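Numbering (our numbering), first residue to last: 13 to 128. First up is the structure itself, then whatever we jot down about it.
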């Protein structure tokens, strides 16, 4: 699995209005995730098309609290594109995940770790 840092300090804001869900992930009522000003947005590639945000969340949560996890989908067909963007609340969580997973972890259905 590729997880390359795309060094992004400013990220997109999100709204938990109505459903309390952000990109398919549930948040407790009243809980708003905050991220560090120097947070990093990671690109995650080589994701099998049968995995969604809820399937990936446990893998990435072991490194820290997730601010945002978005699996990219085609806007017309809704088909999974096989990649995602991941932002942790804390920069050090992103760095830990990157060093532990980049070219180290292969998800089921992918033959070899991908190079970024």
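A virtual CB, placed ideally from N, CA and C, is assigned to each residue, including glycine. Every value quoted in this text rests on a predicted model; they were computed, and no experiment measured them.
Three-state class that DSSP yields for residue i in the structure shown
| i | result |
| --- | --- |
| residue 47 | coil |
| residue 33 | Residue placement at residue 33 is flagged as unreliable, the pLDDT there being 48, under the threshold of 50; a coordinate-derived value is accordingly withheld. |
| residue 61 | coil |
Where the alpha helix (DSSP H) containing residue i begins and where it ends
| i | result |
| --- | --- |
| residue 1 | This structure cannot speak to residue 1, because the chain is shown only from 13 to 128. |
| residue 97 | From DSSP, residue 97 is part of no alpha helix (DSSP H) but of the beta strand (DSSP E) over 92 to 100. |
| residue 116 | Note, residue 116: premise wrong, no alpha helix (DSSP H); not H, not E. |
| residue 70 | 65 to 73 |
Delimiting residues of the beta strand (DSSP E) encompassing residue i
| i | result |
| --- | --- |
| residue 85 | 78 to 85 |
Inter-residue CB distance, residue i and residue j (contact presumed, cutoff 8 Å)
| i | j | result |
| --- | --- | --- |
| residue 79 | residue 108 | Not confirmed; about 15 Å, so no contact. |
Contacting residues, own chain, Cβ-Cβ under 8 Å from residue i (five flanking each side not counted)
| i | result |
| --- | --- |
| residue 95 | 55, 56, 57, 58, 59, 83 and 84 |
| residue 131 | In the structure displayed, the chain extends from 13 to 128; residue 131 sits before or after that span and is not available. |
| residue 89 | none |
Contact set for residue i: own chain, Cβ-Cβ below 7 Å, skip 5 residues either direction
| i | result |
| --- | --- |
| residue 103 | 48, 50, 51 and 52 |
| residue 61 | 92 and 94 |
Close beta carbons around residue i, own chain, < 6 Å, minus the five adjacent residues each side
| i | result |
| --- | --- |
| residue 106 | 52, 54 and 100 |
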